[in-house]
Amino acid sequence: MTEALSRLGTADRPPAAVPAPVAVPAPAPAPVRGTRRRLGPGRAVPFGRLLGPLLLVALWWAASALHYLDPRILSGPGAVAATAADLVHDGRLQDNVLVSLQRAGLGLLFGVLAGVVLAIAAGLSRFGEYLLDGTLQVKRAIPSLAMLPLLILWLGIGEQMKVTVIALGVAVTVYINTYASLTGIDSRYVELAESLDLGRWRFLRTVVIPGSLPGFFVGLRLGVTASWLGLIVVEQINSTSGIGYMMFQAQQYAQSDVIIVGLVAYGIFGFASDAAVRAVERRVLSWRRTLAG
């Protein structure tokens with residue numbers, strides 16, 4: 029009966045007007061394959077970061093060969109290489125380098141451990157944040173050089189003071205970046221972990237650690253740089269060994285070639301350590317697709 033009433037109502041209606049045809053725009057021509065504009069930085073070249081330092085050395089060599097540089101003020105690359113060979117032959121360079129590497133390595137190790145622990149304590153607990161973050165922000169505003177008189181008064185002028193100065197600079201740098209990465213984790217992941225009733229350790233392993241690793245590696249790279257900067261400062265304060273001590277002694281006798289050997293050593297170790305951290309970062313964070321490649 030319902031179908032009949034439906035047909036009856038349809039029969040009594042006037043015929044519907046046929047809509048006018050609508051003009052459909054022609055589809056845009058497909059882009060020709062291979063002509064798409066590339067907006068990224070391009071493909072990475074192996075050892076491409078060596079281009080800048082090599083260009084700088086080439087300019088230095090050219091300026092020295094053309095006698096634009098006074099050798100009494102800045103020795104040429106040939107003289108520096110000969111001085112480095114003499115220092116290696118005497119054993120002075122190796123001994124001082126080993127002492128410097130030990131100081132920087134210990135300061136970096138203690139600083140990274142302290143920075144990570146403090147960042148986790150402040151990033152995962154409001155009480156830890158209120159207790160630690162303000163203090164570390166105040167320390168960030170105080171240069172390590174300004175704390176040297178107090179640290180010398182407390183720890184003396186031995187190795188303990190030198191390692192402590194380096195560790196303080198590293199710890200604050202690692203803390204700032206790791207803490208920012210921790211607090212930047214999307215709260216929806218935390219809510220999802222709570223809804224799944226994850227335990228504390230599993231929550232750290234599946235949410236906190238993956239979410240904080242990018243910031244941690246940024247802090248680690250800056251921390252490596254901070255360890256070398258701190259090393260340069262402490263090795264020129266009542267030291268009897270190290271690259272900085274060698275440079276300070278060379279300053280007394282106006283030996284610019286020895287000073288440049290020390291600077292080159294600092295630069296090589298800084299570049300190599302940063303490259304090592306980059307390699308570890310690429311392997312650990314291989315699941316990310318970034319412009320760095």
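For any residue, its number in our numbering is found by taking its place in the sequence shown, counting from 1, and adding 28.
For glycine and all other residues, C-beta sits at the position ideal for the given N, C-alpha and C.
- Does the Cβ-Cβ distance between L126 and L146 come in under 8 angstroms? Against the sequence shown, residue 126 aligns to sequence position 98. Against the sequence shown, residue 146 aligns to sequence position 118. Contact: no.
- Task: Give me the Cα-Cα distance between S172 and L250, rounded to the nearest whole angstrom.
- Result: Residue mapping note: residue 172 aligns to position 144 of the sequence shown, counting from 1. Residue mapping note: residue 250 aligns to position 222 of the sequence shown, counting from 1. Straight-line Cα distance between these residues: approximately 15 angstroms.
- Query: So, is E309 buried or exposed, given that buried needs 16 or more other C-beta atoms within 10 angstroms?
  - Reply: Within the sequence shown, numbered from 1, the residue matching residue 309 stands at position 281. The residue in question, E309, is buried, as its Cβ has 16 or more Cβ neighbours within 10 Å.
- Query: Which residue from T206, N266, P242 puts its Cα closest to that of W315?
  - Reply: Residue 315 sits at position 287 when you count from the first residue of the sequence shown. Checking every option, the nearest Cα to that of W315 belongs to P242.
- Task: Pull up the distance between the alpha-carbon of I204 and that of L259, whole angstroms please.
- Result: Translated into the one-based positions of the sequence shown, residue 204 becomes position 176. Translated into the one-based positions of the sequence shown, residue 259 becomes position 231. C-alpha separation (whole angstroms): 21 angstroms.
- Does the beta-carbon of A44 have 16 or more other beta-carbons within 10 angstroms, so that it is buried, or is it exposed? Within the sequence shown, numbered from 1, the residue matching residue 44 stands at position 16. Residue confidence for A44 is low, a pLDDT of 47 falling below 50, so the modelled location carries little weight; the figure read from the coordinates is stated next. Exposed: under 16 other Cβ atoms inside 10 Å.
- Message: At 4 residues or longer, what runs of the alpha helix (DSSP H) sit wholly inside the stretch 181-235?
- Response: 187-211, 215-223, 228-231
- Message: Tell me the rounded alpha-carbon separation between G119 and A113.
- Response: Taking the first residue of the sequence shown as 1, we reach residue 119 at position 91. Taking the first residue of the sequence shown as 1, we reach residue 113 at position 85. Each residue's Cα considered, the two are about 10 angstroms apart.
- Is the Cβ-Cβ distance between T206 and S240 less than 8 angstroms? For the purposes of this step, residue 206 is taken as residue 178 along the sequence shown, with counting starting at 1. For the purposes of this step, residue 240 is taken as residue 212 along the sequence shown, with counting starting at 1. A contact, by the Cβ cut-off of 8 angstroms.
- Message: Under DSSP, the alpha helix (DSSP H) around W89 begins and ends at which residues?
- Response: Your numbering for residue 89 matches position 61 in the sequence shown. Element bounds for W89: 79-93.
- Residue from R311, D161, V73 whose Cα sits closest to the Cα of F245: Taking the first residue of the sequence shown as 1, we reach residue 245 at position 217. If we check each option's Cα against that of F245, R311 comes out closest.
- Query: Closest by CA to I296, which one among V85, R168, Q188, A72?
  - Reply: Mapped onto the sequence shown, residue 296 falls at position 268. Ranking the options by Cα distance to I296, first place goes to V85.
- Message: Is the separation between the beta-carbon of A107 and that of P99 shorter than 8 angstroms?
- Response: Working through the sequence shown from its first residue, we reach residue 107 at position 79. Working through the sequence shown from its first residue, we reach residue 99 at position 71. Yes, they are a contact pair.
- Query: Is the stretch 283-291 close to the stretch 228-235, with three or more CB pairs under 8 angstroms?
  - Reply: no
- Is it right to say V50 is buried, meaning 16 or more other beta carbons lie within 10 angstroms of its own, or is it exposed? Residue mapping note: residue 50 aligns to position 22 of the sequence shown, counting from 1. Because the pLDDT at V50 is just 48, under 50, the model does not fix this residue reliably, and the value given afterwards should be weighed accordingly. Exposed.
- Query: Roughly how many whole angstroms lie between the Cα atoms of S255 and S223?
  - Reply: Residue mapping note: residue 255 aligns to position 227 of the sequence shown, counting from 1. Residue mapping note: residue 223 aligns to position 195 of the sequence shown, counting from 1. Using only the alpha carbons, I get a separation of about 42 angstroms.
- Among the residues of its own chain, which have a CB less than 8 angstroms from the CB of N266, if the five just before and after it don't count? Within the sequence shown, the letter at position 238 stands for residue 266. Here the set comprises I185.
- Message: Just verifying my parser: in three-state terms, what is the DSSP assignment at N124?
- Response: As a position in the sequence shown, residue 124 is number 96, starting the count at 1. It is helical.
- From L181 to M175, what does the alpha carbon distance come to, in whole angstroms? In the sequence shown, counting from the first residue as 1, residue 181 sits at position 153. In the sequence shown, counting from the first residue as 1, residue 175 sits at position 147. Cα-Cα distance, rounded: 10 angstroms.
- Task: Compute the Euclidean distance between the alpha carbons of L183 and V193, then round it to the nearest angstrom.
- Result: Taking the first residue of the sequence shown as 1, we reach residue 183 at position 155. Taking the first residue of the sequence shown as 1, we reach residue 193 at position 165. Between L183 and V193, the C-alpha separation is close to 11 angstroms.
- Task: Compute the distance between the beta-carbons of I288 and S128, then report whether it is under 8 angstroms.
- Result: Locating residue 288 in the sequence shown gives position 260, counting from the first residue. Locating residue 128 in the sequence shown gives position 100, counting from the first residue. Going by C-beta atoms, I288 is not nearer than 8 angstroms to S128.
- Query: How about G156 and A149: do their beta carbons lie closer than 8 angstroms?
  - Reply: For the purposes of this step, residue 156 is identified with residue 128 of the sequence shown, where counting begins at 1. For the purposes of this step, residue 149 is identified with residue 121 of the sequence shown, where counting begins at 1. It is a contact, given that the beta carbons lie within the stated cut-off.
- Endpoints, alpha helix (DSSP H) assigned at T268: Sequence index remark: in the sequence shown, residue 268 carries index 240 (1-based). Neither: T268 is in no alpha helix (DSSP H) and is coded neither H nor E.
- Nearest neighbour of R228, chosen from L137, L152, F138 [CA to CA]: As a working mapping, residue 228 is identified with position 200 in the sequence shown. Nearest option by C-alpha distance: L152.
- Pairwise C-alpha distance: G104 and A208: Here residue 208 refers to the residue found at position 180 of the sequence shown. Here residue 104 refers to the residue found at position 76 of the sequence shown. Taking the straight line from one Cα to the other gives about 45 angstroms.
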